[in-house]
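Protein chains in written order, with the working numbering: chain P, 1 to 230; chain R, 231 to 614.
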């Protein structure tokens, strides 16, 4: 019970303690991944559970780049074939992608730790840090469930990005320059970066500047390259 | 900071975020809109081509020679019979001189042979008298008779040679005459494609670039259009045409179909075939010149007074044709419509629409994904 509280509650209320605890018992971070994946999967069902295949396809097409009419027809047909399973596929992918994402983050953190100072943590510890730093995504998914329940009828796919830079500030339409990037930049990622910075300070004892840099490095790399291509 | 306080801050922030997102209800889609109009739509066929003068004569050379003088310039007005250009005449004059000498020589030959015939005829008459008196034998008389006949034939042959020489002289005179290029009509020099010193070759009709000059009557301008074979069945004589010259793309020239070609031609390397359609243009104050490229809308049918929307507004699926009508609150209504005739821009429609209502016309990517539940926001340019 204590382990559950450490990975599910403490990252929000006492993050430094939570990270120190999972550094000693990295396996307990699996509960965090399970919780995030489970709630994220539920949020997919809440968003798209009752939607018709045609609606799902029309929403997916909005996210696709500009297509010629014949390409649009082919893409629509292909998406319609998959549409009945799209909700389940979306839910499963939420569960599967999360550990992969954490593994990549942990690799970057491990590398950055060695570049920025003398601290030498195990990869498992960094994986646990990455998993706990993802906990804001659980809140994000909970918010999506609440919003989905508040709306009736078909819900736009863009609702999933309700906490994005685009939804909160810019309001760019699909197809506009930078809309994809603005929709991907999420408020909860900032929270995750903050948690990762607290965690890396608890792990390494580095100063706050290096910890924030370490925590933000994977996000800066990913979104930086994306921004350069927009 | 106590855990309770942190929890309260987090919960408050979360509630605020959810409240904000719920209030906005999802981002509306930016779309282009256009008002429903009312009026008569004309069905049109599109074509392209170039402007030409109604009467236009290409001057080509019928003789080979070197250009000595070019007496006119492009754009110059000329009168019928005016000398436009001249070839070097030295060779033509020499040729004529030879021909004339040939006529003289042939004439002299006739005279010579006629004199010989007259001499022989006199001898024959004297021999005839002597033979009648029995003073000469029959052999000598018969031989002289034959010589007279041969002399007669020689005279006839020489006369034919004179005729031949005169014909040759006429040809030389004609060649000399054709080395002068005269204006065939009162008109305008449209193009001059030759310069002094160049050599022109006879018999290059229908070879590209073989025109020496083009003279045209500028009073009547035509548009010579290439109409796709798929549209030609809809084209009829006297149909109204709006022609847009490339130099004046916003000022249509009005005209009427004058001639419709009856044989399809291939244009360039394009696989399709096209027919030539000539359009008589009304008088215009615009500066227009032959050779200008143009596009044209041939009005093939005039519809009745009806509602119309931009062509891009009409969408189609298995249930039929429809448009998206934008409500004042940003919501959409799917309105079934029956399409009527269309032109390049607008489509006549029948359906539950009123003039002035707004329908979605694009962007295509967004319009293709709209549903009755979508919320839209008209782009400012259109909304205004």
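The beta carbon of each residue, even a glycine, is placed where N, CA and C say it ideally should be.
Check, Outcome
"Amino acids of chain R, ordered along the chain, whose beta-carbon sits closer than 9 Å to that of residue 180 of chain P", "Result: empty, since nearest Cβ-Cβ is about 13 Å, beyond 9 Å."
"Residues bridged to residue 285 of chain R (per DSSP)", "R:447"
"Own chain residues within Cβ distance below 6 Å of residue 60 of chain P, not counting five before or after", "79"
"Minimum Cβ-Cβ distance from residue 108 of chain P to chain R less than 9 Å", "no"
"Chain P contact for residue 608 of chain R (CB, 9 Å cutoff)", "no"
"Rounded separation between residue 333 of chain R and residue 391 of chain R - CA only", "8 Å"
"Complete runs of the alpha helix (DSSP H) confined to the stretch 27-76 of chain P [at least 4 residues]", "29-48, 53-63"
"Spatial distance of residue 8 of chain P from residue 227 of chain P (CA atoms)", "33 Å"
"Nearest neighbour of residue 527 of chain R, chosen from R:271, R:258, R:262 [CA to CA]", "R:271"
"Residue range of the alpha helix (DSSP H) that includes residue 490 of chain R", "Unbroken run through residue 490 of chain R is the beta strand (DSSP E), 483-490; no alpha helix (DSSP H)."
"Where residue 85 of chain P falls, given that 16 or more other Cβ within 10 Å makes a residue buried", "exposed"
"Neighbour flag for residue 559 of chain R against chain P, beta carbons, 9 Å", "no"
"Span of the beta strand (DSSP E) around residue 226 of chain R", "Residue 226 of chain R lies beyond the residue range present for chain R, which begins at 231 and ends at 614; the question has no answer from this structure."
"Host alpha helix (DSSP H) of residue 203 of chain P (start-end)", "187-204"
"Coarse secondary structure for residue 271 of chain R, derived from DSSP in three states", "strand"
"Residue 279 of chain R - partner residues in DSSP beta bridges", "R:455, R:524"
"Contact the stretch 394-403 of chain R vs the stretch 415-424 of chain R: 3+ CB pairs below 8 Å", "no"
"One or two residues paired with residue 503 of chain R in a DSSP bridge", "R:496"
"Selection of the stretch 155-184 of chain P by Cβ proximity to chain R, strictly under 8 Å", "155, 156, 158, 159, 162, 163, 166, 167, 168, 171, 173, 174, 175, 176"
"Given 8 Å, three or more beta-carbon pairs between the stretch 464-475 of chain R and the stretch 502-513 of chain R", "yes"
"Chain-ordered neighbours of residue 244 of chain R on chain P, where CB pairs are closer than 7 Å", "139, 143"
"Contacts that residue 82 of chain P makes with chain C (C-beta to C-beta distance below 8 Å)", "The structure shown contains no chain C; the protein chains it does contain are P and R."
"Chain P contact for residue 613 of chain R (CB, 9 Å cutoff)", "Unreliable placement is indicated for residue 613 of chain R, whose pLDDT of 41 sits below 50; no coordinate value is reported for it."
"Where residue 248 of chain R meets chain P, residues with beta-carbon distance less than 7 Å", "143, 146, 147"
"Under 8 Å from the C-beta of residue 12 of chain P: neighbouring residues of chain R", "236, 237, 240"
"C-alpha gap between residue 115 of chain P and residue 16 of chain P, whole angstroms", "23 Å"
"Terminal residues of the beta strand (DSSP E) in which residue 472 of chain R lies", "470-475"
"Where residue 269 of chain R falls, given that 16 or more other Cβ within 10 Å makes a residue buried", "exposed"
"Cβ distance (whole Å) where residue 297 of chain R is taken to contact residue 430 of chain R below 8 Å", "6 Å"
"Touch test, the stretch 91-104 of chain P against the stretch 182-194 of chain P, Cβ-Cβ under 8 Å, three pairs minimum", "no"
"Candidates P:222, P:62, P:195, of which the one nearest residue 172 of chain P by Cα", "P:62"
"Closest Cα partner of residue 82 of chain P within the set P:159, P:57, P:118, P:209", "P:57"
"Between the CA atoms of residue 597 of chain R and residue 73 of chain P - distance to the nearest angstrom", "14 Å"
"Coarse secondary structure for residue 298 of chain R, derived from DSSP in three states", "strand"
"Any C-beta of chain R under 9 Å from that of residue 151 of chain P", "yes"
"Contacts around residue 336 of chain R, its chain only, beta-carbon distance under 6 Å, and the 5 residues preceding and following it disregarded", "391, 392, 395"
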